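Numbering (UniProt numbering), first residue to last: 1 to 120.
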């Protein structure tokens, strides 16, 4: 079996702390347990990467809007946002651990996440 390794796939996760990153990829999906639409943004720099999910539910909208604002895209009421607008944009993020209860097992899990979006 041959496994193709593309450029950038050899990077590790970004360490905890504040980083300036570029959004290099967007993948769309639906959450496994509640079928909430999301997009996953790959954010990277020379030190590593992080992939962060952004849910499009009403309760998650403030986080989503803070990301768009930090990259210089200012949402307008009545106009749709396109995730493709984020590609190639730079943003300052805070990387850290986040713990939550796994909905399937009830066990506590920890993941790295990006938060605290600021203009780069």
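Quick reminder that beta carbons are idealized off the backbone N, C-alpha and C, glycines included.
Just so we're clear, the structure is a prediction, and the values are computed from it rather than from any experiment.
Contact check, residue 95 vs residue 112, beta carbons under 8 Å: In this structure, residue 112 lies closer than 8 Å to residue 95 by Cβ.
Residue 15 (DSSP reduced to helix, strand or coil): Here residue 15 sits in coil by DSSP.
The stretch 100 to 120 / the stretch 45 to 65 touching (three or more Cβ pairs under 8 Å): Three or more pairs of CB atoms, one per stretch, sit closer than 8 Å, so the stretch 100 to 120 contacts the stretch 45 to 65.
Option in 120, 103, 48 and 38 with minimal Cα separation from residue 82: Comparing alpha-carbon positions, the option among 120, 103, 48 and 38 lying closest to residue 82 turns out to be 38.
Extent of the continuous beta strand (DSSP E) to which residue 115 belongs: 108 to 119 is the extent of the beta strand (DSSP E) around residue 115.
Neighbourhood of residue 28 by C-beta distance below 6 Å, restricted to the same chain and skipping five residues each side: Exclusion of the five residues before and after residue 28 leaves 39 as the residues of its chain whose Cβ lies within less than 6 Å of its Cβ.
Spatial distance of residue 84 from residue 103 (CA atoms): Roughly 30 Å separates the two Cα atoms.
Separation of residue 21 from residue 45, as counted between CA atoms: Our two residues, residue 45 and residue 21, have alpha carbons roughly 5 Å apart in a direct line.
Residue environment, residue 43, which counts as buried when at least 16 other CB atoms sit within 10 Å: Looking at its Cβ environment, which holds 16 or more other Cβ atoms inside 10 Å, residue 43 is buried.
Beta-bridge partners of residue 40, as assigned by DSSP: Bridge pairing for residue 40: 27 and 53 [DSSP].
Buried versus exposed, by CB contacts within 10 Å (16 or more), residue 41: Under this definition residue 41 is a buried residue.
Residue range of the unbroken beta strand (DSSP E) whose run includes residue 63: DSSP places residue 63 outside any beta strand (DSSP E); the residue lies instead in the alpha helix (DSSP H), whose first and last residues are 61 to 70.
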